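Written out below as structure tokens is the structure these notes cover.
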Amino acid sequence: MRFSLAPREVRFFDMFEASVEVVLKGARLFSEMLRDYTDTPQKAKAIKAVELEGDQNTHQLMDALNHSFMTPIDRDDICALNSGLDDILDCVEALASRMVLFKIQEPTPEMCEFADLLLEAVEHLAGAVHSLRKMDTLMLYCREVKRLENLGDDLSRKVISDLFENEGDPIRIIKLKEIYGRMESAMDRCEDVANIIETIFAKNG
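Just so we're aligned, residue 159 is where the sequence shown starts under this note's numbering, counting upward by one.
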């Protein structure tokens with residue numbers, strides 16, 4: 159058997175690109191779910207299936223890392239990016255399931271706005287991940303993710319303030335606060351991944 163010490167760059171970059179496309183699929187399905195709020199249990203199940211697909215990609219990448227002698231970028235950065243993408247998809251799945259579990263009859267306009275911000279952020283992360291191979295245009299994508307995360311922070315402060323001021327049902331306050339908080343967390347995870355990609359660029363660009 160022939161043994162090579164050459165780093166198998168294509169494999170890792172291909173796997174990251176496959177992973178971020180699955181995250182993008184989940185974010186897109188969640189945005190569509192809120193925009194067309196019918197058959198929500200089935201739509202949540204579809205997002206769960208995407209999340210399981212993402213888990214499989216995460217495990218495959220870690221297995222590849224464990225069996226690789228050399229890597230195109232630092233092993234710690236591979237682990238961090240792999241984990242960060244998985245965290246975003248976990249957030250998306252948790253949001254979809256809670257819309258059903260909490261029996262949310264209709265999403266608020268702010269929920270739809272959050273979902274659209276999240277989708278846009280993941281679209282830019284996908285662009286950044288696809289740019290890892292050549293280390294070009296990364297920073298433009300990452301800066302846009304951070305801009306969107308700041309918009310998410312502004313929206314979060316507004317909706318929580320409005321919720322306590324205008325909502326009289328304490329149970330609904332608890333449910334909506336949980337969902338809004340998880341939406342903000344999903345945006346935070348996008349910023350975390352952007353930071354990881356910026357670190358990779360700083361070391362390898």
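The beta carbon of each residue, even a glycine, is placed where N, CA and C say it ideally should be. No experiment lies behind these values; they were computed from the predicted model shown.
Close-in-space but distant-in-sequence residues of the same chain around residue i (CB under 7 Å, 5 per side omitted)
i, result
"LEU192", "PRO265, MET269, CYS270, ALA273"
"SER314", "TYR338, GLU342"
"LYS183", "VAL208"
"ALA185", "VAL250, LEU276, LEU277, VAL280"
"LEU243", "SER177, VAL178, VAL181, VAL351"
Coarse secondary structure for residue i, derived from DSSP in three states
i, result
"MET242", "Looking at the sequence provided, one finds Gly at residue 242 rather than Met. Residue state, collapsed to three classes: helix."
"ASP346", "helix"
"MET228", "coil"
"GLY326", "coil"
Nearest to residue i (by Cα), restricted to the options the options
i, options, result
"MET345", "LYS203, PRO328, LEU277, TYR299", "LEU277"
"SER289", "VAL181, VAL208, GLU356, THR216", "GLU356"
"TYR299", "VAL287, LEU309, LYS292, ILE358", "VAL287"
"LEU239", "ASP312, VAL351, ALA204, VAL280", "VAL351"
"LYS316", "PRO267, THR196, PHE174", "PRO267"
Contact belief for residue i with residue j at Cβ below 8 Å, rounded distance in angstroms
i, j, result
"GLU209", "GLU251", "4 Å"
"PRO230", "PHE170", "6 Å"
Cβ shell of residue i (< 8 Å), same chain only, five flanking positions each side left out
i, result
"ARG340", "CYS249, ALA252, LEU253, ARG256"
"LYS335", "ILE318, LEU321"
"CYS237", "MET220, LEU223"
CB of residue i within 9 Å of CB of residue j, strictly
i, j, result
"VAL280", "PRO199", "no"
"ARG347", "ILE246", "yes"
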